[in-house]
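Just so we're aligned: the sequence shown equals residues 457 to 629 in my numbering. Even for Gly, the Cβ is constructed at its ideal location relative to N, Cα and C. Note that the structure is predicted; figures quoted are calculated from it, not measured. Notes for the one structure printed next.
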Amino acid sequence: MKFKDAQSRLMTRALRKIQYTLSRSETLIIFVNQVRTKRSSDPSSGLYKEVTCGGNALGFYSAIRMRTSRRKLQYSKDEATGISIAVQIIKNKLVPAALKEAGLNIGFGKGICHESEILEMASTHGVIVKEGSGYWINGDFLPGKEEAEKFLLENDAVADDICSTMRSQLFET
457 MKFKDAQSRL MTRALRKIQY TLSRSETLII FVNQVRTKRS SDPSSGLYKE VTCGGNALGF
517 YSAIRMRTSR RKLQYSKDEA TGISIAVQII KNKLVPAALK EAGLNIGFGK GICHESEILE
577 MASTHGVIVK EGSGYWINGD FLPGKEEAEK FLLENDAVAD DICSTMRSQL FET
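So this is what it looks like as structure tokens:
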């Protein structure tokens, strides 16, 4: 096969050309790349290895690399309403944060569920109290995460107050 690695060579040439222009114009470019699993010929490196369709050039030229993977589907009754994903930072040239992981909940037709993030962060840092599967928010007990998320969605002032309290705790020393 004559043009076996044509796509990876093309990516290398293109990234080399646009790297200087992007850095001078302070422009962000996002690439979404899919990996597939290939059986490894070297048994010492594991049974399977991940292969990208564009070669390894994106990994070398990128400043930040993140890997996303699906954790589970979220259901309401018998219908899938969202997905829970894990985001792992593989490479970060800007801040030393390699191999850190975060979880996100994405609602179908809605996007990232900010109420879920607020609940998780606020209960971790003691702004609200989690008791069993329920939450204490402003003196009210809300049974279940869905009820608490619905409460924050309907009461923007309470959600903003919780966010400002967390910001003052975390960022002002």
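Requested in this report: Return the chain-ordered list of same chain residues with a C-beta closer than 8 Å to the C-beta of E605, the five sequence neighbours on each side being excluded.
Outcome: C569, E571, S572 and L575
Query raised in the report: Alpha carbon to alpha carbon, how far is G595 from S579?
Result: 14 Å
Query raised in the report: Counting pairs of Cβ atoms below 8 Å between the region 528 to 535 and the region 495 to 511, do you hit three or more?
Result: Result no; under three Cβ-Cβ pairs closer than 8 Å.
Report task. Could you tell me which residues DSSP puts in a beta bridge with T493? Result -> E506
Query raised in the report: Would Y531 count as contacting chain C if we go by Cβ distances under 7 Å?
Result: The structure shown contains no chain C, having only a single protein chain.
Query raised in the report: Taking the continuous alpha helix (DSSP H) assigned at V399, which residues delimit it?
Result: In the structure as shown, the chain starts at 457 and stops at 629, and residue 399 therefore has no counterpart that could be examined.
Query raised in the report: Taking Cβ positions, are A513 and R527 nearer each other than 7 Å?
Result: no
**Report entry** DSSP bridge partner residues for G563 (one or two, in chain order)
**Finding:** Note: G563 is bridge-paired with G538 and G567 in the DSSP secondary-structure output.
Report task. Quickly, what does DSSP pair E587 with across the bridge? List them, please. Result -> G590
Query raised in the report: Which one or two residues does DSSP pair with F597 in a beta bridge?
Result: W592
**Report entry** Which listed residue (L529, P599 and S525) has its alpha carbon closest to that of G563
**Finding:** L529
Report task. For Y630, count neighbouring C-beta atoms within 10 Å of its own C-beta (all shown protein chains included) and say buried if the count is 16 or more, exposed if not. Result -> No answer is possible for residue 630: the residues shown for the chain start at 457 and end at 629.
**Report entry** Within 7 Å, strictly: CB atoms of I485 and R521
**Finding:** no
Requested in this report: Keeping to the same chain, check which residues put their C-beta closer than 7 Å to that of M457; ignore five residues upstream and five downstream.
Outcome: Only weak support is given to the placement of M457: the predicted model assigns it a pLDDT of 43, under 50, and the value that follows is read from those uncertain coordinates. So the list is empty, once near-sequence residues are dropped.
Requested in this report: Could you tell me the boundaries of the alpha helix (DSSP H) in which T477 lies?
Outcome: A462 to R480
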